[in-house]
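Protein chains in written order, with the UniProt record's numbering: chain V, 1 to 287; chain D, 1 to 268. All residues carry an ideal CB built from backbone N, CA and C; glycine is no exception. These numbers come from a predicted model, not from an experiment. Reading through the structure tokens given below for one structure.
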Ligand SMILES: Nc1ncnc2c1ncn2[C@@H]1O[C@H](COP(=O)(O)OP(=O)(O)OP(=O)(O)O)[C@@H](O)[C@H]1O
Ligand SMILES: [Mg+2]
């Protein structure tokens, strides 16, 4: 069963003078075993959506279907514990969740909570740490002695160690160095492929969206305004810019050339674009 | 789960009470705690309740907000009342079981205490709901000025208070985020026995404290980098101006208190 949002609305602190709307009239699907990217301007409701996906909050109206469970206003929050065994959610700036004495213990914390044995948790934790490129020497260090980027990796490992079927990441690369960003995104895409996971990533970096996403959902002011493949979403650059969203470089370059009268088939792949241009140049020379 | 805590939360508004000078509200709220002890007879309780209700209505925030504010304290109130009822043993006996007895005096006292408690909480809630925390800190600083003469570091204390008040919402938001992050990692709050519940909070409190300390150090560094010194004459960004409304409010309270004293004189 795909992940499905139907007429979902969510209000923070509903029924108090501080009530503020997080989401309204949200309808979209997340295909299983694919890489889905959620994009949208700041405050458009992406993080709120992720919390609903993990059953951390329950929709105020409408329903969310995720992994054989339906969440709606009258769902008891206790019944969502079981859902979280299969969902791994990495929050925005997850460094704030580290608390154990050592890196290894912190990564083992999640699996232990969900009933893994000590040996199993340790083995899963070590595997997760290797995935995020942290070598064995980090295991016995205090997470608070690490750099910001290393802490981020530990926090991500802490969720990967849960071995979720549905992996959700909220701006996992924000504030990292360019290589770290590319490495992490590549890791999520690889895990998705190899383990047939459903991966949902919130990101502002359209290059990654163009490169890895199979499905894209666009948020604006608390609701979903468009969904589709990256090719469909990036087809209309002007529409995206109106929503203060970036357009991938390849697409921008194609647009500029098209404006100058060079007819190109739209693509998001750099190699394909290069091939087309090379073909044009050669074609021009041959004539 | 943290955002349900309403005590000490400010709800912006434009009512007459909102617009009063924070100093008036602070003085009245503190004085009220003492003045209420003048109430000893039913007419005086009625008078004090009417005054309180009027003030509550004038804030324009609706009774529900106040009820929510009282809810966390209801057990404390009931406990105090129960103690009064059980341990005041003079007057006609209504009910007895072994050494436990409920007497008329006990019940009357209990109800009286309950009403006093309720009124004090309501008035204090009016203060915190209608006054921006920083205004409150400023008001405290100004009212404490005389203590400067005997060497009390009033400015520093006020700064500490404003910083603390300023960071309460930040800390609550952060606590909420960390709670969610740990729930995502399988921590179950509000489940299991007391020990398990307390233990569940360790993964929240450690990061919360570490971040709070980090933030405090950063704030200290930033203030030092800009040459902040507490011991010099400082001017204020927010100026408070005493207005006619403030005088009227203070006078009304004085009249209310005199009437209460008079009721006591008449009814004993
Ligand atoms: N804890 C909260 N309490 C009240 N309102 C909130 C809370 N968190 C978010 N909101 C509101 O909900 C709306 C959606 O916020 P959300 O955090 O989902 O945005 P976002 O798309 O994740 O933005 P960003 O890209 O900045 O992370 C915003 O208008 C915000 O003001
Ligand atoms: Mg967000």
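In the DSSP secondary-structure assignment, residue 37 of chain V is bridged to V/201, V/216. Only exposed fits residue 75 of chain D, as fewer than 16 other CB atoms lie within 10 angstroms of its CB. Of the other Cβ atoms in all chains shown, 16 or more fall within 10 Å of the Cβ of residue 39 of chain D; this residue is therefore buried. In the three-state reduction of the DSSP assignment, residue 245 of chain D falls in the helix class, which pools H, G and I. The distance from the Cβ of residue 49 of chain D to that of residue 123 of chain D is about 11 Å, inconsistent with a contact at the 8 Å cut-off. Between residue 41 of chain D and residue 253 of chain D, the gap from beta carbon to beta carbon reaches 7 Å or more. Relative to ligand 1, the beta carbon of residue 101 of chain D is positioned no closer than 6 Å to any heavy atom.
With the criterion set as a beta carbon lying under 7 Å from some beta carbon of chain D, the members of the segment 138-155 of chain V are 144, in sequence order. For residue 187 of chain D, a Cβ of chain V is located within less than 7 Å of the residue's own Cβ.
When Cβ-Cβ separations below 7 Å define contact, residue 123 of chain D makes no contact with chain V. Ligand 1 has a heavy atom closer than 6 Å to the beta-carbon of residue 46 of chain V.
Listed along chain V, the residues sitting closer than 7 Å to residue 11 of chain D by beta-carbon distance are 17. The C-beta of residue 180 of chain D comes closer than 7 Å to at least one C-beta of chain V. Within the segment 198-211 of chain D, the residues whose Cβ lies closer than 9 Å to any Cβ of chain V are, in chain order, 202, 203, 204, 205, 206, 207, 208, 210, 211. Around the Cβ of residue 138 of chain D, a 10 Å sphere holds 16 or more other Cβ atoms; the residue is buried. Sixteen is the threshold: when 16 or more other Cβ atoms of the shown chains lie within 10 Å of the Cβ of residue 185 of chain D, as they do, the residue is buried.
Residue 126 of chain V is outside the set of residues whose beta carbon lies under 7 Å from a beta carbon in chain D.
Within chain D, the C-beta atoms nearer than 7 Å to that of residue 98 of chain V come from 207, in chain order. With respect to residue 166 of chain V, residue 87 of chain V sits close: the two C-beta atoms are nearer than 7 Å. Cβ-Cβ distances below 6 Å link residue 215 of chain V to 31, 34, 36 in the same chain, with the five nearest sequence neighbours on each side left out; the list follows chain order. For the 7 Å CB-CB criterion, residue 22 of chain V and residue 48 of chain V form a contact.
At least one CB of chain V lies nearer than 7 Å to the CB of residue 184 of chain D. In this structure, residue 90 of chain V sits away from residue 3 of chain V, with a CB-CB distance that is not shorter than 7 Å. Residues of the segment 56-78 of chain V whose Cβ lies closer than 8 Å to any Cβ of chain D, in chain order: 56, 78.
Chain-ordered, the chain V residues with CB closer than 7 Å to the CB of residue 65 of chain D read 17. D/202 is the residue among D/129, D/180, D/202 whose C-alpha sits nearest the C-alpha of residue 99 of chain V.
Pairing residue 208 of chain D with residue 181 of chain D gives a Cβ-Cβ distance that is not under 7 Å.
The three-state reading of DSSP puts residue 20 of chain V in strand, counting E and B together. Scanning its chain for C-beta atoms nearer than 6 Å, with the 5 sequence neighbours on each side dropped, one finds around residue 57 of chain V the residues 51, in chain order.
By the C-beta density criterion, residue 229 of chain V is exposed, having fewer than 16 other C-beta atoms within 10 angstroms.
For residue 9 of chain V, the closest Cβ of chain D is not nearer than 7 Å.
With respect to residue 11 of chain V, residue 79 of chain V sits apart: the two C-beta atoms are not nearer than 7 Å.
Closer than 7 Å to the CB of residue 188 of chain V there is not a single CB belonging to chain D.
One Cα belongs to residue 261 of chain D, the other to residue 155 of chain D, and the distance between them is close to 37 Å.
In the three-state reduction of the DSSP assignment, residue 28 of chain D falls in the helix class, which pools H, G and I. Under the three-state reduction of DSSP, residue 12 of chain V is assigned to strand.
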